[in-house]
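4 protein chains.
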Amino acid sequence: MWLRIGCSITFDVNVTTPFILMLRPRNGIHQWIARESYTLKPSVPAIEYTDNFGNLCQRLVAPPGEFTIQTSADILTSDSIDVHFGAPFEEVQNLPDEVLTYLLPTRYCESDKFIEMGQEIVSGVLPGYDQVAAITDWIRNNIRFNSDSSHFQMSAVEVNIQREGVCRELAHLGIALCRGLCIPARMVVGYLHELKPMDFHAWFEAYVGGRWYTFDPTQNRPKGGRVTVAYGRDAADVAIFNQFGPALFPREMSVRVELLTSAPE
Amino acid sequence: MWLRIGCSITFDVNVTTPFILMLRPRNGIHQWIARESYTLKPSVPAIEYTDNFGNLCQRLVAPPGEFTIQTSADILTSDSIDVHFGAPFEEVQNLPDEVLTYLLPTRYCESDKFIEMGQEIVSGVLPGYDQVAAITDWIRNNIRFNSDSSHFQMSAVEVNIQREGVCRELAHLGIALCRGLCIPARMVVGYLHELKPMDFHAWFEAYVGGRWYTFDPTQNRPKGGRVTVAYGRDAADVAIFNQFGPALFPREMSVRVELLTSAPE
Amino acid sequence: MWLRIGCSITFDVNVTTPFILMLRPRNGIHQWIARESYTLKPSVPAIEYTDNFGNLCQRLVAPPGEFTIQTSADILTSDSIDVHFGAPFEEVQNLPDEVLTYLLPTRYCESDKFIEMGQEIVSGVLPGYDQVAAITDWIRNNIRFNSDSSHFQMSAVEVNIQREGVCRELAHLGIALCRGLCIPARMVVGYLHELKPMDFHAWFEAYVGGRWYTFDPTQNRPKGGRVTVAYGRDAADVAIFNQFGPALFPREMSVRVELLTSAPE
Amino acid sequence: MWLRIGCSITFDVNVTTPFILMLRPRNGIHQWIARESYTLKPSVPAIEYTDNFGNLCQRLVAPPGEFTIQTSADILTSDSIDVHFGAPFEEVQNLPDEVLTYLLPTRYCESDKFIEMGQEIVSGVLPGYDQVAAITDWIRNNIRFNSDSSHFQMSAVEVNIQREGVCRELAHLGIALCRGLCIPARMVVGYLHELKPMDFHAWFEAYVGGRWYTFDPTQNRPKGGRVTVAYGRDAADVAIFNQFGPALFPREMSVRVELLTSAPE
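Chains as they are written, first to last, in this note's numbering: chain A, 1 to 265; chain B, 1001 to 1265; chain C, 2001 to 2265; chain D, 3001 to 3265.
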């Protein structure tokens, strides 16, 4: 399916502020970008680099005043996601080198604290994909999905206590539980078609049966229509913007995902 | 200056053919891409990866029949290039690790055969930027620039014998002469505003005084209005397309570079 | 100074256990390894890879029974560390791309929770090296250094509550405080000459004035005689061993650092 | 089998000379280094980095006078190499990204000039491993192996004209012929047990059936007892030493490979 995705973010900048943005989807195995625009108003110099996870990051310094970032892209992505019950657990010694980093505990995924809980949740379940599916179901049934992201970001430990969280917090819990079982898991930030209410979205991927699979505890069925903007170990790695200096929140932010009826010309 | 650059390339594909394309400029220290489109007709799955030089490469398999690639981008780039006579030669031991690869001989830049010739050309010239400028002048004065690229690609040795070549061949000679003097040099492929006749263009960069500087033996003055698509050691690294299987040449190819009068909306 | 460093670690392995070891120092700007041995008993196949931080990691599977790792190396290192009061704070927009990852919060360095505390500690101090020195002094004066590492690893938040910690926990606090001030900071694990009691050691580095400087809250003066084994964002990245499966602790572990009176033959 | 390998290289240095050495084997999937020494006399500061191909490179500046490099290592390696007739040709579109660079022509492997010749040699042969074996046999039967490396290095084109060459030149021809058939091929430099006369050795690897296989046109049977020091695209990437400034050849060089009867203690 072809999706037209994009966002508009406006800040009221008080003092000259360095930003790192992570708003450009990359062409990858699952998505092809046919058209893209990325506009800064006012137009300031920006430099792009690739971080350790392969994400495209844009560095810039915003001057005082209103500062707006607008992105738009037409992207071909799958209308379904792969579901593969039975895909086996991979022994750690057989994992590719580059996947190992996704086994370690991180700021928001304190996997060292979730070993027992994970083992209880997957008790009796076939090791591998089925375990991750059981974890995802457990989160869906036990942690309330909340779309109000006005609070500070919670880690897996915190969301497990609060019993509710936004999409990225549910993903934190899923990731921490997987890693506690020695299943590599990573955070994904991007867009989801028909998400309600529309916003940026976050889910997670787990590595079983020799590849990454998509899991989303906020959705009741395995939905496609996803556009990945960034991969990381947890939300700390994949902030769509990092700003340095006095705290600064967007004055306005809008996100859109539209279905295109045909390939863009 | 804002440039709208792009190309359209059409192949008549006889048998299913794997391609690697290198047609997407990256955001970098010298250019910012505000809008971009990249269309394949027919629309086939494509995967993007980053090569050892940081270039964005697209892999795909073209089916039999007419196959067209169209790109277009609005890019902010400088209207001049930095000129810095006096920028000093960097001792090899002081070069950054990642620059060392650009000292070695490569397929089309047999720098091991240009040591004496380079020393003659720069005899008496201040080591560093001035040497590269002397090499560039020498090429401009001694090798005829030829825009007919219908022949097979020539290496520095061959172009030095033929005494004429297309832009990338003049760059090969410049690179080989620099490396023979222990000055790191690399190939750049991209677009140049007001190039006549309009086509893809190639030039080279040399590392002196702690950074890369642009040199273009095909131009009589240090012209800006450049968009970089790819960096590499020589033309073998930066082919805008590599196709595997029976030889296949574009049936049609057009390149455009237009000046925009303002930033794209 | 030439140091002979090494360790011996013995596990009683119950079930076949995958390990990732991080025990090989690398040649770097600050150290040169003239002789090295790395022995596994029993001798099992091991594969080495380089992680995202440039560390050499060895992957292997230990069979049931006694399993011993022995390393030894003769290394030239500096007998002092650079101290540079006045080295300035680097604005985020001027940091090299590869340093940016060391600004983010991580599992054991919840820097997002230390912004105010850091600002209080460095109140009135010159931005840059002097701030990091003030943070290091503050830790030295307020957090008790404890060499008993029998408890679970503590994060910066936890060590700040407990008011005591082992070397790596003091480093966590230092790193979190630096990052809260937008100063990149990273964990270092290695060996320190004359450490008492002798053990593996951990300290941190902060990036000011265009380079990394060494800080060690456990030492009263800027001591040299250091051998770096691994760099990372916090202790999660630089475990000298990661073992997967049922928890397993070394039955015996010894560490040695001896001064050599001359270069090894 | 356990091998003790090593070398001693002495230069008479006239003027201060920057060197890049590539003399340290890495632990890899095929070899494990239990003991290693690397001595510079006089002892000068050296810095190690990893190049684009994963090789460990040491940078240093040799002072005027006698300068000696001595290495020694005890390494576990296989006493045989994998032979796998029938391993299939991999379509370019299925190759891993990081393998693609080994399809391109390079300084000493002008694969663009060997397409027809390669097709003749492998006419009627099963695509994949069998083709590379046929190429290796053809070189063994048609190009005289010569152990006198006193001449300048020859490229594949030159060795094909001369009809003789040293080990690395035979490898150049093998690599160029493979790449001309779209089979990725790379240069390997290292040690070979029982090589006569003993010296550094070079051979090549080709990527078929989803992995790299070893081929050595200088040996009549598939011999093990190999230690890899460096991988690259051709000899330009894997010089055991690169020296910058006036040409400088070793005054003395000795290489040794001994069989150890047991694992080193």
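Backbone N, C-alpha and C define an ideal beta-carbon position, used for all residues, glycine too.
Cutoff 9 Å: Y1191(B) Cβ touching any chain D Cβ: Translated into positions along the second sequence, residue 1191(B) becomes position 191. Chain D contact via Cβ: absent.
DSSP state of I81(A) mapped onto helix, strand, coil: Counting from 1 along the first sequence, the entry for residue 81(A) is found at position 81. I81(A) falls in the coil class under three-state DSSP.
Cα-Cα separation, H3151(D) to R3144(D): Within the fourth sequence, residue 3151(D) is the residue found at index 151, counting from 1. Within the fourth sequence, residue 3144(D) is the residue found at index 144, counting from 1. Cα-Cα distance, rounded: 15 Å.
Contact set for E252(A): own chain, Cβ-Cβ below 6 Å, skip 5 residues either direction: Here residue 252(A) is taken as the residue at index 252 of the first sequence, counted from 1. Excluding positions up to five away in sequence, the list reads T10.
Separation of A2235(C) from L173(A), as counted between CA atoms: For the purposes of this step, residue 173(A) is taken as the residue at position 173 of the first sequence. For the purposes of this step, residue 2235(C) is taken as the residue at position 235 of the third sequence. Cα to Cα, the separation comes out at about 21 Å.
Through-space distance from P2127(C) to A2171(C), alpha-carbon basis: Within the third sequence, residue 2171(C) is the residue found at index 171, counting from 1. Within the third sequence, residue 2127(C) is the residue found at index 127, counting from 1. Going from the Cα of A2171(C) to the Cα of P2127(C) covers about 20 Å.
Residues near S2037(C) in its chain [Cβ-Cβ closer than 6 Å; skip 5 each side]: Locating residue 2037(C) in the third sequence gives position 37, counting from the first residue. So the list reads S2072, once near-sequence residues are dropped.
Contacts of R1059(B) in chain D (Cβ-Cβ under 7 Å): Numbered from 1 along the second sequence, position 59 holds the residue referred to as residue 1059(B). Residues of chain D passing the Cβ test: Q3093.
Cβ-Cβ separation, L1103(B) to R1026(B) (assumed contact under 8 Å), whole Å: Position 26 of the second sequence, counting from 1, holds the residue named residue 1026(B). Position 103 of the second sequence, counting from 1, holds the residue named residue 1103(B). Incorrect: roughly 24 Å between the Cβ atoms, too far for contact.
Under 9 Å between C-beta atoms of I20(A) and V2092(C): If you number the first sequence from 1, residue 20(A) lands on position 20. If you number the third sequence from 1, residue 2092(C) lands on position 92. Yes; because the gap between Cβ atoms is below 9 Å, this pair is in contact.
8 Å contact criterion, which T3077(D) and H3030(D) should meet: CB distance rounded: One-based indexing of the fourth sequence puts residue 3077(D) at position 77. One-based indexing of the fourth sequence puts residue 3030(D) at position 30. Beta-carbon to beta-carbon, T3077(D) and H3030(D) are separated by about 6 Å, close enough to satisfy the 8 Å threshold.
Classification of A1206(B) by the beta-carbon crowding that lies within 10 angstroms, buried from 16 upward: In the second sequence, the residue the question calls residue 1206(B) occupies position 206. Buried, by the Cβ-count rule.
Beta-carbon gap between D82(A) and T218(A) smaller than 9 Å: The residue given as residue 82(A) occupies position 82 in the first sequence. The residue given as residue 218(A) occupies position 218 in the first sequence. No, the pair does not count as a contact, with Cβ atoms beyond the cut-off.
Buried or exposed by the 16-neighbour rule on C-beta atoms within 10 Å, applied to E48(A): By one-based count along the first sequence, residue 48(A) stands at place 48. Taking every protein chain shown into account, the CB of E48(A) has 16 or more other CB atoms within 10 angstroms, so this residue is buried.
Start-end ranges of the alpha helix (DSSP H) lying completely within the stretch 3144-3178 of chain D, minimum 4 residues: 3156-3162
Opening and closing residue of the alpha helix (DSSP H) in which V3132(D) lies: In the fourth sequence, residue 3132(D) corresponds to position 132, counting from 1. Looking at the DSSP string, the run of the alpha helix (DSSP H) that includes V3132(D) is Y3129 to N3142.
Integer Cβ distance of A1176(B) from V1188(B), believed to fall under 8 Å: Numbered from its first residue, the second sequence carries residue 1176(B) at position 176. Numbered from its first residue, the second sequence carries residue 1188(B) at position 188. Not confirmed; about 15 Å, so no contact.
Boundaries (first-last residue) of the beta strand (DSSP E) holding I2240(C): Counted from its first residue, the third sequence places residue 2240(C) at position 240. No residue range can be given for I2240(C), since it is assigned to no beta strand (DSSP E) and is classified by DSSP as neither H nor E.
Helix, strand or coil at D112(A) [DSSP, three-state]: As a working mapping, residue 112(A) is identified with position 112 in the first sequence. Residue state, collapsed to three classes: helix.
Exposure label - D1216(B); buried when at least 16 CB within 10 Å: Mapped onto the second sequence, residue 1216(B) falls at position 216. With 16 or more Cβ atoms within 10 Å of its Cβ, D1216(B) is classed as buried.
Endpoints, the beta strand (DSSP E) within which M1253(B) is located: As a working note, residue 1253(B) is residue 253 in the second sequence. From DSSP, the beta strand (DSSP E) with M1253(B) extends over E1252 to L1260.
Interface residues of the stretch 1040-1051 of chain B facing chain D [CB-CB below 9 Å]: I1047, Y1049, T1050 and D1051
DSSP bridge partner residues for F997(B) (one or two, in chain order): Residue coverage of chain B in this structure runs from 1001 to 1265, which leaves residue 997(B) outside it and unanswerable.
Cα-Cα separation, T3039(D) to L3056(D): Taking the first residue of the fourth sequence as position 1, residue 3039(D) is located at position 39. Taking the first residue of the fourth sequence as position 1, residue 3056(D) is located at position 56. For T3039(D) and L3056(D), the distance between alpha carbons rounds to 15 Å.
For T3136(D), the nearest candidate out of D3148(D), V3122(D) and S3147(D) (CA to CA): Translated into the one-based positions of the fourth sequence, residue 3136(D) becomes position 136. Residue V3122(D) is the option with its Cα nearest to T3136(D).
In DSSP terms, what Q2058(C) is bridged to: If you number the third sequence from 1, residue 2058(C) lands on position 58. DSSP, once it has assigned bridges, lists L2021(C) and E2048(C) as partnering Q2058(C).
Cα-Cα separation, G209(A) to F2067(C): The residue given as residue 209(A) occupies position 209 in the first sequence. The residue given as residue 2067(C) occupies position 67 in the third sequence. Spanning the two alpha carbons is a distance of roughly 30 Å.
T228(A), DSSP secondary structure in three states: Indexing the first sequence from 1 puts residue 228(A) at position 228. DSSP places T228(A) in strand when its eight states are reduced to three.
Status (buried if at least 16 other CB within 10 Å, exposed otherwise) for T16(A): Taking the first sequence and counting its residues from 1, one reaches residue 16(A) at position 16. The residue is exposed, with fewer than 16 neighbouring Cβ atoms inside 10 Å.
Local conformation of V125(A) per DSSP, three classes: Taking the first residue of the first sequence as 1, we reach residue 125(A) at position 125. In the structure shown, V125(A) sits in coil (DSSP, three-state: anything other than H, G, I, E or B).
Cross-strand partners of G2028(C) (DSSP beta bridge): What you label residue 2028(C) is simply residue 28 of the third sequence in a count that begins at 1. In DSSP, G2028(C) forms a bridge with Q2031(C).
Reduced DSSP category for T3039(D) - H, G, I as helix; E, B as strand; rest coil: Translated into the one-based positions of the fourth sequence, residue 3039(D) becomes position 39. Residue state, collapsed to three classes: strand.
Cβ contact (3+ pairs, closer than 8 Å) linking the stretch 107-122 of chain A and the stretch 155-168 of chain A: In the pairwise beta carbon analysis, the stretch 107-122 of chain A is classified as touching the stretch 155-168 of chain A: at least three pairs are separated by under 8 Å.
Amino acids of chain D, ordered along the chain, whose beta-carbon sits closer than 7 Å to that of A2206(C): The count along the third sequence starts at 1 and reaches residue 2206(C) at position 206. Within 7 Å Cβ-Cβ: nothing; A2206(C) doesn't reach chain D, min ~22 Å.
Residue-level contact to chain D via CB, G1245(B), 9 Å cutoff: Here residue 1245(B) is taken as the residue at index 245 of the second sequence, counted from 1. Chain D, which has a Cβ nearer than 9 Å to the Cβ of G1245(B), makes this yes.
For R211(A), the first and last residue of its enclosing beta strand (DSSP E): The count along the first sequence starts at 1 and reaches residue 211(A) at position 211. R211 to F215 is the span of the beta strand (DSSP E), which, as asked, contains R211(A).
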